[in-house]
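Student: Residue numbers (full-length UniProt numbering): 1 to 173. Cβ atoms here follow ideal geometry from the backbone N, Cα and C, with glycine treated the same way.
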Amino acid sequence: MNTELFYLALSQMVLSIVLAIIIFFISYKVLIRIFKLKEENLNDSNLALSIFFSGIIFSTGYLLSGIIPSIISAIEMLKIHARENLFVEVLKYSSLSLFIGFLLAGLIHFSSFMLAKSLTKHVDEVGELKKNNLAVAILLSTILISITIISRDSLVFLIELFLPQPTVLEYNS
């Protein structure tokens with residue numbers, strides 16, 4: 001077994017888990033702040049908020065999971081062409097990719113929510129979620145997850161622009 005590759009894979013896994021925990025923690029805290037909630041509002045009596053928050057967390061995880069194969073491909077290339085310490089470069093590109101992905105996921109979530117608000121002009125979505133309106137929670141989560149599924153490949157393509165790519169030399173015969 002190639003021990004260098006093993007440690008690289010292990011560090012990538014640990015990095016992904018740590019970054020995922022940090023991203024989900026930040027997402028949770030931002031949602032609490034956006035909805036002006038106290039954490040005790042998220043108890044078992046408000047299923048609507050739990051459904052909506054779960055949709056956002058699933059969406060974020062689904063979007064960011066699409067980035068991981070691109071990062072792994074970049075790591076394989078960096079292993080061959082690393083200019084600096086391989087671990088530092090992996091950390092740099094992984095963190096940058098996941099951070100940009102997290103920001104774009106937030107933009108997708110915001111856009112999805114604004115779309116839902118424009119479709120349901122007569123409904124105060126935030127108020128209805130706080131009142132435990134399951135229909136609104138399911139509708140918002142479905143719109144969010146659908147847009148996430150549709151936009152994932154575009155997000156991954158955009159993130160790949162920030163990762164090192166192999167250079168292709170043109171050969172004229």
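1. Under the rule that 16 or more other beta-carbon atoms within 10 Å means buried, what is Ser45, buried or exposed?
2. Between Lys121, Ile32 and Gly101, which has its C-alpha nearest Leu155's C-alpha?
3. Taking Pro69 as part of the alpha helix (DSSP H), name the residues at either end of that continuous run.
4. Do Ile80 and Ser97 have their C-beta atoms closer together than 8 angstroms?
5. For His122, name the three-state secondary structure that DSSP assigns.
6. Count the other CB atoms within 10 Å of the CB of residue 176; is the residue buried (16 or more) or exposed (fewer)?
7. Tell whether a beta-carbon distance below 8 angstroms holds between Ser50 and Leu144.
8. Just mark residue 174 as buried or exposed, buried being the case when its beta carbon has 16 or more other beta carbons within 10 Å.
9. From this set, Val90, Phe87 and Thr142, which residue's C-alpha is nearest Phe113's C-alpha?
10. Given a cut-off of 8 angstroms on the beta-carbon distance, is the pair Leu63 and Ile108 in contact?
11. Could you work out which residue in Ser146, Ser111 and Phe87 is closest to Tyr7 when comparing CA atoms only?
12. For Arg152, is the classification buried or exposed, using 16 other Cβ atoms within 10 angstroms of its Cβ as the cut-off for buried?
Tutor: This is what the structure gives:
1. Counting every other CB atom within 10 Å of its CB across the protein chains shown gives Ser45 a total below 16, marking it as exposed.
2. Among Lys121, Ile32 and Gly101, the Cα nearest to that of Leu155 is on Gly101.
3. Note, Pro69: alpha helix (DSSP H), Ile68 to His81.
4. The criterion of a C-beta distance shorter than 8 angstroms is not satisfied by Ile80 and Ser97.
5. Looking at His122 - three-state DSSP - the assignment turns out to be coil, as it is neither helix nor strand.
6. This structure does not reach residue 176, given that the chain is present from 1 up to 173, and the question cannot be answered.
7. The answer is no: Cβ separation not under 8 angstroms.
8. The question about residue 174 has no answer, for the chain in this structure spans 1 to 173.
9. For the residues Val90, Phe87 and Thr142, the minimum Cα distance to Phe113 belongs to Thr142.
10. It is a contact, given that the beta carbons lie within the stated cut-off.
11. Tyr7 has its Cα closest to that of Phe87, out of Ser146, Ser111 and Phe87.
12. Counting every other CB atom within 10 Å of its CB across the protein chains shown gives Arg152 a total of 16 or more, marking it as buried.
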